[in-house]
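The sequence shown begins at 25 in my numbering and counts up by one.
Below is one structure; the comments refer to it alone.
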Amino acid sequence: MLRGTLENNVSLARFTSWKVGGVADVLYRPADLEDVRNFLMTLDGDVPVVWLGGGTNVLVRDGGIRGAVILLHGCLGQMEISGSGMIRAEAGVTCAKLARFCADQELQGAEFLAGIPGTVGGALAMNSGAYGNETWEFVATVETVDRRGRLRIRYPKEFQPEYRMVHMPREEWFTRALFEFAAGNGAQTRETIRGLLDRRNASQPVGHQSCGSVFRNPENDFAARLIERCNLKGVCKGGARVSEKHANFIVNKGHATAKDIEELIWEVHETVKHECGIALVPEVKIIGEAA
């Protein structure tokens, strides 16, 4: 029997950091990992499944999502330290919470996660990184679930993580991971976290509705530098605007649609390609159907 919350025809806008997006046919908020497995086993094989964590780094189109969305916001949030000193965290744990927990356990290395506005599941799927570190540098093992509800333990060598992307088996999703961080000084780690967050707050449009960085950085360059070079800061499309504070952010001025944001993404892409000869690759995942 399912123990989570099942809803039909739910707007996803309130679950995304851009505050845009259409309706999901089915939205399920699981009670725990076993409940996730049971829910997946109830679905017909042809029903698409989308996982949504913190709703960052994703643009849900205005037409919404056909199929089932599994929402991890407030779910799968268990975290513990193992007997060997490793950290086991479920996919719904926020990156910021993982960073703070490591500091409390006198571990170092997770500080970069404090400024990533997402969850462990998203960080694993995207190999999220900042300030010279990436998520998969610290992964010992991961656990996945497939759409039949079967759990597997897998190792980093099975995924070939790359810059802001990870190759993984089709219709298999991360449920938790075992991280290995070095021993450190908790007070120093917390001070490092404060410093990184101060840098983030000074350089990024924190407090505005955005998804984080829109484009990956090209090799030996920065997407923000190229966008700024093309004088695109402040450019608008409907209710969407290229941030004046950080050119690789697009913010919702309060009345944007997903269509506004998507069109602005591709306007920036085409302008940089035309003026700089570089085709920026979106980091944000664009999902769902157009209105």
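Ideal Cβ positions, reconstructed from N, Cα and C, are used throughout, including at glycine.
So for residue i, helix, strand or coil by DSSP?
i, result
"F125", "helix"
"I289", "helix"
"E243", "coil"
"R53", "strand"
"P193", "coil"
"W160", "helix"
"V296", "helix"
"L131", "strand"
"R188", "coil"
"F203", "strand"
"K261", "strand"
What first and last residue would you give for the beta strand (DSSP E) that runs through residue i?
i, result
"G91", "I89 to L95"
"R112", "I111 to E114"
"N276", "I274 to N276"
"R168", "Here the sequence assigns Thr to residue 168, which means Arg is not the residue at that position. Counting along the chain, the beta strand (DSSP E) containing T168 begins and ends at V163 to D170."
"D86", "It is not in any beta strand (DSSP E) - D86 carries neither H nor E in the DSSP assignment."
"E104", "M103 to I105"
"N255", "Segment: none, N255 is in no beta strand (DSSP E) and carries neither H nor E."
"S35", "T29 to S35"
"L304", "It is not in any beta strand (DSSP E) - L304 carries neither H nor E in the DSSP assignment."
"A315", "Where A315 is concerned, there is no enclosing beta strand (DSSP E), given that its DSSP letter is neither H nor E."
"I177", "L175 to R178"
"V73", "V73 to L76"
"R265", "A264 to V266"
Taking the alpha carbon of residue i as the reference point, which residue from the options has its own alpha carbon closest?
i, options, result
"E195", "L202, G173 and Y179", "G173"
"M110", "K181, A164 and L175", "A164"
"I251", "R223, E299, G219 and G116", "E299"
"A115", "G139, A149 and A134", "A149"
"T29", "D86, D56 and V230", "D56"
"L96", "R200, A123 and R253", "R200"
"G236", "V266, L256 and C99", "V266"
"V12", "I302, E294 and I285", "Because residue 12 is not part of the residues shown, which for the chain are 25 to 315, the question remains open."
"E215", "R53, A123, T143 and A280", "A123"
"C99", "W75, N272, E313 and G87", "W75"
Please confirm whether any heavy atom of the ligand MG lies closer than 7 Å to the CB of residue i.
i, result
"I289", "This structure simply doesn't include the ligand MG, nor any ligand for that matter."
Between residue i and residue j, what straight-line distance do the alpha-carbon atoms span, to the nearest angstrom?
i, j, result
"A282", "F39", "14 Å"
"D128", "S108", "16 Å"
"G258", "P141", "23 Å"
"W160", "K269", "29 Å"
"G145", "R61", "16 Å"
"K277", "E287", "15 Å"
"S106", "L26", "29 Å"
"Q132", "E104", "16 Å"
"K181", "E130", "28 Å"
"A138", "C119", "6 Å"
"P193", "N225", "36 Å"
"W290", "A248", "15 Å"
"V230", "W42", "12 Å"
"F183", "F198", "12 Å"
"F203", "G262", "42 Å"
"L36", "G101", "20 Å"
"R218", "F246", "24 Å"
"V84", "E58", "27 Å"
"C260", "E186", "32 Å"
"H293", "P242", "12 Å"
"Y179", "V166", "6 Å"
"A280", "T295", "21 Å"
Assuming residue i and residue j form a contact by the criterion Cβ under 8 Å, report the distance between their Cβ atoms to the nearest whole angstrom.
i, j, result
"S234", "I274", "6 Å"
"F239", "V305", "6 Å"
"N151", "R188", "6 Å"
"V34", "I311", "Not a contact, Cβ separation roughly 15 Å."
"I94", "V71", "In fact, because the Cβ distance is near 12 Å, the residues do not count as touching under 8 Å."
"N32", "V44", "Going by Cβ atoms, the distance from N32 to V44 rounds to 20 Å, so no, they are not a contact pair."
"G46", "A315", "7 Å"
"E135", "T80", "Actually they do not touch by this definition, with Cβ atoms about 19 Å apart."
"L220", "Y155", "6 Å"
What span of residues does the alpha helix (DSSP H) with residue i cover, start to end?
i, result
"D222", "G210 to S227"
"A147", "V144 to M150"
"T66", "L57 to T66"
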